[in-house]
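Residue 315 is where the sequence shown ends in the numbering used here, and the numbering goes up by one at each step.
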Amino acid sequence: MKAARNAVTVRAAVDGFLASVDRRHKPATRRSYGRTLEHVASQLGTDRRLRKVTGEEIAEVLRALCVGTAPSTWNQRRAAISSFLAWCARNGYPAPVLPAGAGRQPERREETPIVSRPAIERLLTHGVIPLREKTLWRMLYETTARATEVLALNIEDLELDARRARVPAADGGIEHIYWATGTAQLLPGLIRGRTRGPVFLSERRPGLARRPPSADICPHTGRARLGYDRARVLLDRYTRTEATPGWDLRQLRHSAAAHLAEANVNPQAIMAKGRWRNPRAVMRYVRPRVADLDAVTRRLDMAPRPRA
8 MKAARNAVTV
18 RAAVDGFLAS
28 VDRRHKPATR
38 RSYGRTLEHV
48 ASQLGTDRRL
58 RKVTGEEIAE
68 VLRALCVGTA
78 PSTWNQRRAA
88 ISSFLAWCAR
98 NGYPAPVLPA
108 GAGRQPERRE
118 ETPIVSRPAI
128 ERLLTHGVIP
138 LREKTLWRML
148 YETTARATEV
158 LALNIEDLEL
168 DARRARVPAA
178 DGGIEHIYWA
188 TGTAQLLPGL
198 IRGRTRGPVF
208 LSERRPGLAR
218 RPPSADICPH
228 TGRARLGYDR
238 ARVLLDRYTR
248 TEATPGWDLR
258 QLRHSAAAHL
268 AEANVNPQAI
278 MAKGRWRNPR
288 AVMRYVRPRV
298 ADLDAVTRRL
308 DMAPRPRA
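The structure is reproduced here in structure tokens:
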């Protein structure tokens with residue numbers, strides 16, 4: 008048994024790990040792990056014995072893969088590699104260890120720019136926007152859901168009459184995202200003629216060399232699920248001007264939260280709507296008005312009222 012484990016190849020180890028990444032992980036996480044580890048395996052040599060691979064070699068591949076990227080991208084790809092190496096160690100494979108110089112990089116949290124409600128409405132009602140993009144962007148705004156969650160939706164997850172869809176929860180359960188009239192009017196046209204498979208599809212069928220998993224293929228059209236990078240590029244293209252940069256997908260979610268806060272919606276309700284776990288993610292949008300503070304102060308007034 009030990010001899011067999013010492014003889015395992017990089018290819019076999021990566022395949023074993025990816026097969027173990029089950030439904031507890033979000034689809035976007037599974038795809039991210041797969042892309043990173045497939046690249047690492049190809050650079051190391053898929054037929055090499057894993058025991059002959061050093062941690063420094065893996066670190067060099069990681070550095071080359073992350074040239075010019077943000078610290079968050081480094082950390083995400085490093086996390087995929089670390090998870091793989093930890094899985095190898097738990098299963099008795101001769102796993103190398105990443106050197107200290109390949110540790111996590113500090114991330115600087117930048118505030119997501121808020122887009123005004125009129126600007127979002129102008130975009131969503133513009134006549135030249137294709138139905139797919141119009142539906143995706145409106146759903147992101149009305150649900151305040153994460154873009155990865157919305158792009159991972161299948162038609163089977165939709166509950167059109169209830170104006171909601173099922174999404175995986177962090178604890179492995181099921182949560183719901185809710186949309187409003189605009190999305191409800193657009194969705195039937197987007198999925199017309201389809202009863203299963205991804206809600207949002209790419210423009211064309213994938214080639215054999217880059218064929219995604221069957222779960223990401225529409226059984227009716229053969230087209231693949233729309234990816235995050237493509238969706239990001241399209242939003243940037245339609246919103247960029249000579250004077251201003253294009254929007255990011257996250258801005259629709261965060262702008263919706265800010266608009267709810269401006270409408271004096273309870274912060275707990277905003278947290279529930281966007282399914283935020285950390286109150287700080289919502290409180291940055293809450294700006295109490297002077298009138299609100301005055302009303303709260305009066306509730307604490309215990310002094311006797313003057314007699315008439």
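Ideal placement from N, C-alpha and C gives every residue a C-beta, glycine not left out.
Open item on the list: In whole angstroms, give me the CA-to-CA distance for residue 247 and residue 239.
Closed with: Along the sequence shown, one-based indexing puts residue 247 at 240. Along the sequence shown, one-based indexing puts residue 239 at 232. Between the alpha carbons of residue 247 and residue 239 lies a distance of about 12 Å.
TODO: Pull up the DSSP beta-bridge partners for residue 172, would you.
DONE: As a working mapping, residue 172 is identified with position 165 in the sequence shown. Partner(s): 165, 184.
Open item on the list: Determine whether the beta carbon atoms of residue 121 and residue 148 lie at a separation below 9 Å.
Closed with: In the sequence shown, residue 121 corresponds to position 114, counting from 1. In the sequence shown, residue 148 corresponds to position 141, counting from 1. No. Outside cutoff.
Task: Test item: CB-CB of residue 98 and residue 42 under 9 Å - done: By one-based count along the sequence shown, residue 98 stands at place 91. By one-based count along the sequence shown, residue 42 stands at place 35. The answer is no: Cβ separation not under 9 Å.
- [ ] Report all residues from its chain with a CB closer than 7 Å to the CB of residue 64; omit the five preceding and five following residues, and keep chain order.
- [x] Locating residue 64 in the sequence shown gives position 57, counting from the first residue. Here the set comprises 51.
TODO: Pull up the distance between the alpha-carbon of residue 195 and that of residue 309, whole angstroms please.
DONE: As a working note, residue 195 is residue 188 in the sequence shown. As a working note, residue 309 is residue 302 in the sequence shown. Going from the Cα of residue 195 to the Cα of residue 309 covers about 57 Å.
- [ ] Would you please state the rounded distance, in angstroms, between the beta carbons of residue 69 and residue 85? I believe it to be under 8 Å.
- [x] Position 62 of the sequence shown holds residue 69. Position 78 of the sequence shown holds residue 85. Between residue 69 and residue 85 a beta carbon distance of about 6 Å is seen, short of the 8 Å cut, so the two are scored as contacting.
- [ ] Quick one: using the 10 Å Cβ neighbour count with 16 as the cut-off for buried, is residue 307 buried or exposed?
- [x] Taking the first residue of the sequence shown as position 1, residue 307 is located at position 300. Exposed, because fewer than 16 other Cβ atoms sit within 10 Å of the Cβ of residue 307.
Task: Rounded straight-line distance, which links the Cα of residue 282 to that of residue 269 - done: Taking the sequence shown and counting its residues from 1, one reaches residue 269 at position 262. Taking the sequence shown and counting its residues from 1, one reaches residue 282 at position 275. C-alpha separation (whole angstroms): 19 Å.
- [ ] Kindly list the residues whose CB is nearer than 6 Å to the CB of residue 145, restricted to its own chain and excluding five residues on each side of it in sequence; keep chain order.
- [x] Translated into the one-based positions of the sequence shown, residue 145 becomes position 138. Residues 131, 189, 190 of the same chain have their beta carbon placed closer than 6 Å to that of residue 145, with the five preceding and five following residues left out of the count.
Task: C-alpha distance - residue 212 paired with residue 28, whole-angstrom precision - done: Residue mapping note: residue 212 aligns to position 205 of the sequence shown, counting from 1. Residue mapping note: residue 28 aligns to position 21 of the sequence shown, counting from 1. CA-CA distance, residue 212 to residue 28, rounds to 26 Å.
Task: Sequence-distant residues of the same chain with beta carbon closer than 7 Å to residue 138, five excluded per side - done: On the sequence shown, residue 138 is found 131 positions in, with the first residue counted as 1. So the qualifying residues of the chain are 193, 196, 197.
Open item on the list: Rounded to the nearest angstrom, what separates residue 172 and residue 106 at their Cα positions?
Closed with: Indexing the sequence shown from 1 puts residue 172 at position 165. Indexing the sequence shown from 1 puts residue 106 at position 99. Each residue's alpha carbon lies about 43 Å from the other.
- [ ] For residue 232, write down the residues that DSSP places opposite it in a beta bridge.
- [x] For the purposes of this step, residue 232 is taken as the residue at position 225 of the sequence shown. DSSP output for residue 232 lists 208 as bridge partner(s).
Task: Between the CA atoms of residue 154 and residue 224 - distance to the nearest angstrom - done: Against the sequence shown, residue 224 aligns to sequence position 217. Against the sequence shown, residue 154 aligns to sequence position 147. A direct Cα-to-Cα measurement between residue 224 and residue 154 gives close to 19 Å.
Open item on the list: Beta-carbon within less than 6 Å of residue 186's beta-carbon, same chain only, minus the 5 sequence neighbours each way: which residues are those?
Closed with: Working through the sequence shown from its first residue, we reach residue 186 at position 179. Excluding the 5 residues flanking it on each side, residue 186 has same chain C-beta neighbours closer than 6 Å at 146, 149, 150, 170, in chain order.
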